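Okay, structure first, notes after.
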Amino acid sequence: MQPSGTRGAEGLGGRLPLLAPADLDDQQRHAYDLMGQLILPEAEAGGFTVKLGDGSFIGPFNALLHVPGIAAGMGAWASQLNAFGIADDVRQVVVLTVAAAWGADYEIEAHSSAARAVGVPDDAIDALIDRRVPQGLTTDAATAHLLTASLLTDRTVPENLYARAVAAFGEAGVVALLCLLGQYQVVCSILRCFEVPALVHSAAS
Amino acid sequence: VTMASGDADHLGGRLALLAPAGLDTSQRRLYDELTARVLPEAAEGGFVARLDDGRFIGPFNALLRVPAVAAGLGEWTTQISRAGLADEVRQTVILTVGAAWSAEYEIEAHTSAARVAGLPDRAIDAILTGTPPTGLSDEANIAHRVTACLLTAHALADDLYQRAVATFGEAGLIAILCLIGQYQTISSILVCFQVPAPGHGHSPHK
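Right, dumping it as structure tokens:
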């Protein structure tokens, strides 16, 4: 999925200009290569766009190139989270729940596609985006959604939900989900702070 | 700062505190890394991260459940702490996040660390009660407003965005967003597992 030309690329950085590969210093180039290894396979599998035809990253990745050391550290954390083995549908449901709470358009668009690719039903995706109770999720994904929504909305986890989450994921699995939640809160805060748009909306305008 | 281990079992909240002798190899590696990275910060900030019997408390006990993920989080954390944010800015952001989550351990630990970094008590009290702080540096004040706006409204108005970029630069602002996210993650762990404060400090909002 790459846009046909550069038209529409203006504005995809939101409040930030898009950094072209030729603009990068050595440390940024290193982060650029790391992000490519980490993100491009995920974007391809999920059917969303993270890099334009000219090599510029979009979404949160353009912003992260401004802090290459931090971006590399975040990549290390994300890699370990990927290796932990959270089920694909659980992962996408958590990410969409976070993205919807933040109103982060780029993330909503990217992970609607990624959620569809791992079999989350369209009705459930629509409900997650509209912040309604989703139907048709697996039991684990439904539990992960409730845990995420409870933390984002009330910043608390009631006893019955806690017991259900630990029974489903174990203590380690719950900590991993909290890290995933935190990782995407960072991504969404970057998208909102810099008003990074979704690709489709921007290209259509 | 040290703390005796007697009657400390409740400090894990919903989790049991893990004793060093019970850790597997990868947990032990993380334990050593936490010892090297966190204990100096705790000593400087005047808060308790590990008991005298060697058990970690606060978020660290929970992180021992996921040693590889926690090691990755540690790499990110180290890079954020090298981003050059002033101590006062850093502590202001952390307290603002901790207060929003009512994360007792974080509030107590970073009330102490904020004092060490020179934040006035009245500013600390204001941050913890969610009222506009006075007596902060301009930088810390802007960082507080950025954090509070993102946590409540999930957006930054143009004037605050412009002030933040003028003060910290784009890179500095992104570092602040990462610091917010780091402590949102820590706070969510504290809240989910109901991890209490050890009660050694003098948090006015216990």
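Going line by line, the protein sequences match chains U and V. Remember, our numbering sits 67 above the position in the first sequence when you count from 1. Remember, our numbering sits 678 above the position in the second sequence when you count from 1. For each residue, glycine too, the CB sits at the ideal point set by N, CA and C. Bear in mind the structure is a predicted one, so any value in this text is a computation, not a measurement.
Selection from the options that minimises the alpha carbon distance to residue i
i	options	result
Ala181(U)	Asp156(U), Thr164(U), Leu204(U), Arg198(U)	Asp156(U)
Ala778(V)	Ser704(V), Thr830(V), Ala748(V), Leu741(V)	Thr830(V)
Pro698(V)	Leu806(V), Gly813(V), Gly723(V), Arg728(V)	Arg728(V)
Val161(U)	Ala265(U), Gln250(U), Asp190(U), Pro264(U)	Gln250(U)
Leu696(V)	Ile785(V), Phe738(V), Val716(V)	Phe738(V)
Gln242(U)	Thr774(V), Leu838(V), Thr863(V), Leu851(V)	Strictly speaking, residue 242(U) in this sequence is Val, with Gln absent from that position. Of the candidates Thr774(V), Leu838(V), Thr863(V), Leu851(V), the one whose C-alpha sits nearest the C-alpha of Val242(U) is Thr863(V).
Leu132(U)	Gln95(U), Ala177(U), Leu245(U), Glu174(U)	Gln95(U)
Gly203(U)	Gly126(U), Ile196(U), Ala191(U)	Ala191(U)
Leu763(V)	Gly850(V), Cys827(V), Gly877(V)	Gly850(V)
Leu806(V)	Gly776(V), Gly736(V), Cys827(V)	Gly776(V)
Leu79(U)	Leu119(U), Glu111(U), Gln147(U), Gly114(U)	Leu119(U)
Cys246(U)	Phe151(U), Ala110(U), Ile125(U)	Phe151(U)
Run of the alpha helix (DSSP H) containing residue i, from where it starts to where it stops
i	result
Phe151(U)	135–151
Arg707(V)	703–723
Thr830(V)	816–831
Val233(U)	226–260
Val747(V)	745–759
Thr774(V)	765–779
Thr220(U)	206–220
Phe871(V)	Note, Phe871(V): premise wrong, no alpha helix (DSSP H); not H, not E.
Thr807(V)	799–807
Gln202(U)	It is not in any alpha helix (DSSP H) - Gln202(U) carries neither H nor E in the DSSP assignment.
Gly113(U)	93–113
Val157(U)	155–169
Ser123(U)	That residue, Ser123(U), is in no alpha helix (DSSP H); it is neither H nor E in DSSP.
Arg793(V)	782–794
Ala177(U)	172–184
Pro737(V)	736–741
Leu195(U)	189–196
Chain-ordered neighbours of residue i on chain V, where CB pairs are closer than 7 angstroms
i	result
Glu238(U)	Leu693, Arg743
Gly170(U)	His832
Val253(U)	Leu855, Cys856, Gly859
His133(U)	Glu848, Ala849, Ile852
Gly249(U)	Gly859, Gln862, Thr863, Ser866
Val241(U)	Cys870
Ala58(U)	Residue 58(U) lies beyond the residue range present for chain U, which begins at 68 and ends at 272; the question has no answer from this structure.
Ala130(U)	Ile852
Neighbour flag for residue i against chain U, beta carbons, 8 angstroms
i	result
Ile758(V)	yes
Ala853(V)	yes
Tyr887(V)	For chain V, the structure presents residues 679 to 884; residue 887(V) sits outside this window and is missing.
Val873(V)	no
Gly877(V)	no
His883(V)	In this prediction, His883(V) scores a pLDDT of 38, lower than 50, which makes its location untrustworthy; the coordinate-derived value is nonetheless stated afterwards. Chain U contact via Cβ: absent.
Val716(V)	no
Val869(V)	yes
Val747(V)	yes
Ala787(V)	no
His880(V)	Reliability of the predicted coordinates at His880(V) is poor, the pLDDT of 39 falling under 50, and no value is obtained from them.
Ala844(V)	no
Ala801(V)	no
Thr703(V)	no
Ala821(V)	no
Ala777(V)	no
Ala740(V)	yes
Cross-chain neighbours of residue i in chain U, by beta carbon under 8 angstroms
i	result
Leu828(V)	Ser256, Arg259, Cys260
Ala761(V)	Val134, Gly136, Ile137
Ala835(V)	By Cβ distance, chain U contributes nothing, its closest Cβ being about 11 angstroms from Ala835(V), past 8 angstroms.
Any chain V beta carbon closer than 8 angstroms to residue i
i	result
Ser146(U)	yes
Arg222(U)	yes
Ile175(U)	no
Ala150(U)	yes
Val162(U)	no
Leu218(U)	yes
Gly114(U)	no
Met102(U)	no
Gly140(U)	yes
Tyr229(U)	yes
Neighbour list for residue i in chain U, Cβ cutoff strictly below 9 angstroms
i	result
Tyr839(V)	Arg82, Cys260, Phe261, Glu262
Within chain V, the residues that residue i reaches when beta carbons sit closer than 8 angstroms
i	result
Gly78(U)	Ordered by position in chain V, no residue passes the 8 angstroms Cβ test against Gly78(U), which lies about 16 angstroms from the chain.
Beta-carbon neighbours of residue i, restricted to chain U and to distances below 7 angstroms
i	result
Leu751(V)	Trp144, Cys246
Interface residues of chain A facing residue i [CB-CB closer than 8 angstroms]
i	result
Ser780(V)	Included in the structure are the protein chains U and V, with no chain A among them.
With contact counted as at least three CB pairs below 8 angstroms, one residue from each stretch, are the segment 82–95 of chain U and the segment 210–223 of chain U in contact? no
Would you check if there are 3 or more beta carbon pairs closer than 8 angstroms linking the segment 165–172 of chain U to the segment 247–267 of chain U? yes
With contact counted as at least three CB pairs below 8 angstroms, one residue from each stretch, are the segment 843–856 of chain V and the segment 210–217 of chain U in contact? no
Inter-stretch contact at 8 angstroms, needing at least 3 Cβ pairs: the segment 800–820 of chain V / the segment 768–776 of chain V: yes
When you compare the segment 699–712 of chain V with the segment 740–752 of chain V, are there three or more beta-carbon pairs, one atom per stretch, that lie closer than 8 angstroms? yes
Inter-stretch contact at 8 angstroms, needing at least 3 Cβ pairs: the segment 789–802 of chain V / the segment 842–849 of chain V: no
Report yes or no: do the segment 97–117 of chain U and the segment 227–240 of chain U share at least 3 C-beta pairs separated by less than 8 angstroms? no
Under 8 angstroms: do the segment 749–763 of chain V and the segment 127–144 of chain U share three or more Cβ pairs, one atom per stretch? yes
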